[in-house]
Amino acid sequence: MKLVISKDQLSSSPEQFLKRASYAYIYDRKTRKESFTLRLGHDHYPRLHMYVSEGGESITFDLHLDQKKPSYAGSNAHSAEYDGELVSNEIARLKELVSKETKEPVANEVSKTEKKCFLSKIFSFFRK
């Protein structure tokens with residue numbers, strides 16, 4: 019399942035965004051591909067597996083569920099699920115994180131006049 023967003027929807031790189039979403043970076047030496055995984059338990063499998071691609075002004079997150087590692091040597095094939103409730107729920111969670119990220123800088127903006135040191139906050143409390 020794919021999630022396509024605009025680059026300006028993220029305040030940082032896709033890698034940083036996925037790290038904040040609890041994904042771990044993986045570099046496959048055999049295929050020389052970079053990807054990200056989110057473990058669903060204490061073992062390596064099952065896991066959510068994400069490939070990221072950037073093109074123009076968009077970022078594509080391509081997500082699937084790896085049920086288990088390849089069954090036999092020399093094979094890249096594995097039991098993967100590209101749709102399903104778990105994958106769609108994770109896409110929904112990522113959409114929510116993206117929407118929070120685009121709103122957060124505005125919501126957390128504090129003007130310089132509002133910033134006060136600790137002591138001035140205490141003394142202003144007693145002046146009231």
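What the sequence shown shows, in this note's numbering, is residues 19 to 146, in sequence order. The beta carbon of each residue, even a glycine, is placed where N, CA and C say it ideally should be.
For residue i, which residues from the same chain have a beta carbon less than 8 Å from its beta carbon, with the 5 sequence-adjacent residues on both sides left out?
| i | result |
| --- | --- |
| S76 | V22, I23, S24, K25 |
| S71 | I77, T78, D80 |
| K20 | T78, F79, D80, L81 |
| K37 | Y43 |
Any beta carbon from chain D within less than 9 Å of residue i's own beta carbon?
| i | result |
| --- | --- |
| G74 | In the displayed structure, chain D is absent; only one protein chain is listed. |
What residues in its chain sit with their C-beta under 6 Å from that of residue i, if we drop five residues either side in the sequence?
| i | result |
| --- | --- |
| Q85 | P64, S97 |
| L115 | A39 |
| Y45 | E52 |
| S117 | none |
| N107 | none |
| Q27 | V116, T120 |
| Y69 | S53, D80 |
Rounding to the nearest angstrom, what Cα-Cα distance links residue i and residue j in this structure?
| i | j | result |
| --- | --- | --- |
| L58 | R50 | 24 Å |
| Y100 | I109 | 11 Å |
| F54 | Y43 | 5 Å |
| K113 | G74 | 20 Å |
| R111 | S31 | 18 Å |
| V105 | R47 | 26 Å |
For residue i, count the other beta carbons within 10 Å of its own beta carbon; 16 or more makes it buried, fewer makes it exposed. Which is it?
| i | result |
| --- | --- |
| H60 | exposed |
| E33 | exposed |
| H67 | buried |
In terms of DSSP beta bridges, what is residue i paired with?
| i | result |
| --- | --- |
| G73 | S76 |
| V22 | T78 |
Rounded to the nearest angstrom, how far is the Cβ of residue i from that of residue j, given a contact under 8 Å?
| i | j | result |
| --- | --- | --- |
| F35 | E103 | The pair is not a contact, with the Cβ atoms about 23 Å apart (cut-off 8 Å). |
Excluding the five sequence neighbours on either side, which residues of its own chain have a C-beta within less than 7 Å of the C-beta of residue i, listed in chain order?
| i | result |
| --- | --- |
| L56 | S40, Y41, R65, L66 |
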